[in-house]
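Accompanying notes for the structure given below.
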Amino acid sequence: MNNKIVILSGDPNSINSEIIYKSWKKLSIDQKKNIFLISNFELLRQQFAILKYSVKLIKIKNINDKIITNNLKILDIPLDFDDPFKVTFKTSSIFVKKTLNLAHDLALNGDVKGIINCPINKKLLKKKNYGITEYLAAKCKIKNNSEVMLIKNKNFSVLPITTHINLRDVARKINLKKIIKKILTFNSWFKLNYKRYPRIGVLGLNPHNAELEKNSEESKIIVPSIKKLQKKGLKITGPLVSDTVFINEYQKYDVIVGMYHDQVLAPFKTIFKFDAINITLGIKYLRLSPDHGVAENIIKKKVADHTSLSRCINFLEEYQ
Numbered sequence: 032m033n034n035k036i037v038i039l040s041g042d043p044n045s046i047n048s049e050i051i052y053k054s055w056k057k058l059s060i061d062q063k064k065n066i067f068l069i070s071n072f073e074l075l076r077q078q079f080a081i082l083k084y085s086v087k088l089i090k091i092k093n094i095n096d097k098i099i100t101n102n103l104k105i106l107d108i109p110l111d112f113d114d115p116f117k118v119t120f121k122t123s124s125i126f127v128k129k130t131l132n133l134a135h136d137l138a139l140n141g142d143v144k145g146i147i148n149c150p151i152n153k154k155l156l157k158k159k160n161y162g163i164t165e166y167l168a169a170k171c172k173i174k175n176n177s178e179v180m181l182i183k184n185k186n187f188s189v190l191p192i193t194t195h196i197n198l199r200d201v202a203r204k205i206n207l208k209k210i211i212k213k214i215l216t217f218n219s220w221f222k223l224n225y226k227r228y229p230r231i232g233v234l235g236l237n238p239h240n241a242e243l244e245k246n247s248e249e250s251k252i253i254v255p256s257i258k259k260l261q262k263k264g265l266k267i268t269g270p271l272v273s274d275t276v277f278i279n280e281y282q283k284y285d286v287i288v289g290m291y292h293d294q295v296l297a298p299f300k301t302i303f304k305f306d307a308i309n310i311t312l313g314i315k316y317l318r319l320s321p322d323h324g325v326a327e328n329i330i331k332k333k334v335a336d337h338t339s340l341s342r343c344i345n346f347l348e349e350y351q
């Protein structure tokens with residue numbers, strides 16, 4: 032199996048150079064041999080210099096060239112800037128898309144084991160309600176809503192059915208087919224990698240599951256979805272009540288499926304903080320990212336937590 036891992040430096044206006052440095056310093060010599068970074072060489076050099084980080088960088092043109100070095104290998108993407116931590120929105124947007132497109136091509140061609148993108152301001156993708164999950168799903172021509180955002184640590188995961196949309200739009204964006212496809216995508220992935228069926232808990236949408244009233248989303252959409260999946264042999268339970276499941280009931284499950292982003296991510300991050308990674312399932316390769324944002328408020332303060340990026344690297348290294 033190809034053991035090369037490509038990391039995208041992500042948003043230039045971020046803590047990414049800091050978490051890259053801190054994660055890089057934790058790697059062994061053998062680990063460093065398989066790590067490649069898609070970035071702009073000069074941008075990263077200047078950001079490291081400002082942060083007073085000593086890292087030897089080497090610019091490469093082809094990930095398949097035989098390169099024997101423990102230096103941080105950079106696949107250089109052109110970028111014009113004056114201030115390395117204040118790159119313009121337009122320039123950042125073009126740069127981020129170029130890095131994503133290159134990583135997509137490398138993964139699709141089988142040149143790498145998987146890709147990890149450091150945090151990116153979703154506005155740079157210039158499309159409403161559009162994140163990296165949706166961007167790469169579109170690149171992979173996935174059109175059946177089977178792509179999945181999975182937030183995971185060693186023992187537990189959460190999966191939102193809808194991702195980066197406004198709360199007022201959630202009810203009309205959930206439907207029986209979407210719920211079934213996303214849960215089946217997760218179930219297949221989990222069974223393939225862990226050799227058993229996952230224990231799946233599904234949340235309702237409304238407070239107290241709308242008391243399962245006849246016209247509620249629970250009765251019309253969520254309960255029928257669960258019943259259909261149970262008939263397929265899945266170990267699935269629900270609808271569970273959102274306001275109490277994360278006290279301790281979540282520990283009975285391998286994954287809790289929610290209807291919207293913050294319904295599951297807010298409690299997950301409260302419990303596990305940075306001990307988690309973001310995995311995109313249902314596309315044509317494995318993509319991961321740290322489970323946090325660009326953290327503009329702490330740029331250059333050297334206090335960023337690199338745990339999630341390190342977890343991404345370790346997960347991808349061990350992935351079969």
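Each residue of the sequence shown is one higher than the last, beginning at 32 in this note's numbering. A virtual CB, placed ideally from N, CA and C, is assigned to each residue, including glycine. Quick caveat, the model's predicted, so the values are computed rather than measured.
>> If I follow the unbroken alpha helix (DSSP H) through Asp293, where does it start and stop?
In response: His292 to Phe303 is the span of the alpha helix (DSSP H), which, as asked, contains Asp293.
> What is the residue span of the beta strand (DSSP E) that Asn148 lies within?
Replying inline: In the DSSP annotation of this structure, the continuous segment of the beta strand (DSSP E) that includes Asn148 starts and ends at Gly145 to Asn148.
> Under the three-state reduction of DSSP, which class applies to Leu58: helix, strand or coil?
Replying inline: Note: Leu58 maps to coil in three-state DSSP.
> Given Asp42, which residues of its chain have a CB within under 7 Å of its CB, disregarding the five upstream and five downstream residues?
Replying inline: Here Asp42 has Ser123, Val127, Pro150, Ile151, Asn152, Leu155 and Val325 as same chain residues with Cβ atoms under 7 Å from its own Cβ, once five neighbours each way along the sequence are excluded.
> Out of Leu75, Leu110, Phe67 and Tyr52, which has the shortest C-alpha to C-alpha gap to Ile91?
Replying inline: A check of alpha carbon separations from Ile91 across Leu75, Leu110, Phe67 and Tyr52 identifies Phe67 as the nearest.
> Cα separation between Val179 and Lys87?
Replying inline: Whole-angstrom Cα-Cα distance: 37 Å.
> Could you give the residue range of the beta strand (DSSP E) that holds Lys213?
Replying inline: Note, Lys213: premise wrong, no beta strand (DSSP E); alpha helix (DSSP H) at Leu207 to Tyr225.
> Residues bridged to Phe67 by DSSP?
Replying inline: Residue pairing for Phe67: DSSP places it in a beta bridge opposite Val37 and Lys104.
>> Looking only at its chain, what residues have a beta carbon closer than 8 Å to the beta carbon of Ala202, apart from the 5 residues adjacent to it on each side?
In response: Closer than 8 Å at the Cβ level, and outside the excluded window around Ala202, lie Leu236 and Glu248.
>> Helix, strand or coil, according to DSSP, for Thr194 in the structure here?
In response: Residue state, collapsed to three classes: coil.
> Does the distance from the CB of Glu39 to the CB of Thr100 come in under 8 Å?
Replying inline: Correcting the residue identity first, residue 39 is Leu in this sequence and not Glu. Going by C-beta atoms, Leu39 is not nearer than 8 Å to Thr100.
>> Would Leu312 and Phe217 qualify as a contact pair, given that the criterion is a beta-carbon distance under 8 Å?
In response: A contact, by the Cβ cut-off of 8 Å.
> For Ser45, does the three-state DSSP call read helix, strand or coil?
Replying inline: DSSP places Ser45 in coil when its eight states are reduced to three.
> Can you tell me whether Thr352 is buried or exposed, with buried defined as 16 or more other CB within 10 angstroms of its CB?
Replying inline: As displayed, the chain neither begins before 32 nor continues past 351, which places residue 352 out of reach and without an answer.
> Just how far apart, CA to CA, sit Ile310 and Leu271?
Replying inline: Those two C-alpha atoms are separated by around 24 Å.
>> By alpha-carbon positions, which one of Ala335, Tyr350 and Leu317 ends up nearest to Asn140?
In response: Across the set Ala335, Tyr350 and Leu317, the C-alpha of Leu317 shows the shortest separation from the C-alpha of Asn140.
> Exposed or buried, which one is Ile98 when buried takes at least 16 other CB atoms within 10 Å?
Replying inline: So Ile98 ends up on the exposed side.
> Pro270 by DSSP, collapsed to three states: which one?
Replying inline: Three-state DSSP puts Pro270 in a strand.
> If you compare alpha carbons, which of Asn197, Glu349 and Lys212 is closest to Ile294?
Replying inline: According to the sequence as given, residue 294 is Gln; it is not Ile. Comparing Cα-Cα distances from Gln294 to each of Asn197, Glu349 and Lys212, the minimum goes to Asn197.
> Can you round the beta-carbon distance between Ile308 and Pro321 to whole angstroms, since I take them to be within the 8 Å contact cut?
Replying inline: Yes, they are in contact, since the Cβ atoms of Ile308 and Pro321 sit about 7 Å apart, within 8 Å.
> What three-state label does DSSP hand Ile314 in the structure shown?
Replying inline: Assignment of Ile314 by DSSP, reduced to helix, strand and coil, places it in the coil class.
> Can you tell me the Cα-Cα spacing of Lys333 and Lys259, whole angstroms?
Replying inline: Rounded to the nearest angstrom, the two C-alpha atoms are 50 Å apart.
>> Assuming Leu131 is part of the alpha helix (DSSP H), what are its boundary residues?
In response: Counting along the chain, the alpha helix (DSSP H) containing Leu131 begins and ends at Phe120 to Leu139.
> What are the partner residues of Val309, as DSSP defines its beta bridges?
Replying inline: The question names Val, but residue 309 is Asn in the sequence shown. Asn309 has Ile182 and Ser320 as its beta-bridge partners, per DSSP.
>> Let me check one thing: in DSSP terms, what residues is Ile231 bridge-paired to?
In response: Within the DSSP secondary-structure output, Ile231 pairs in a beta bridge with Ile267 and Val286.
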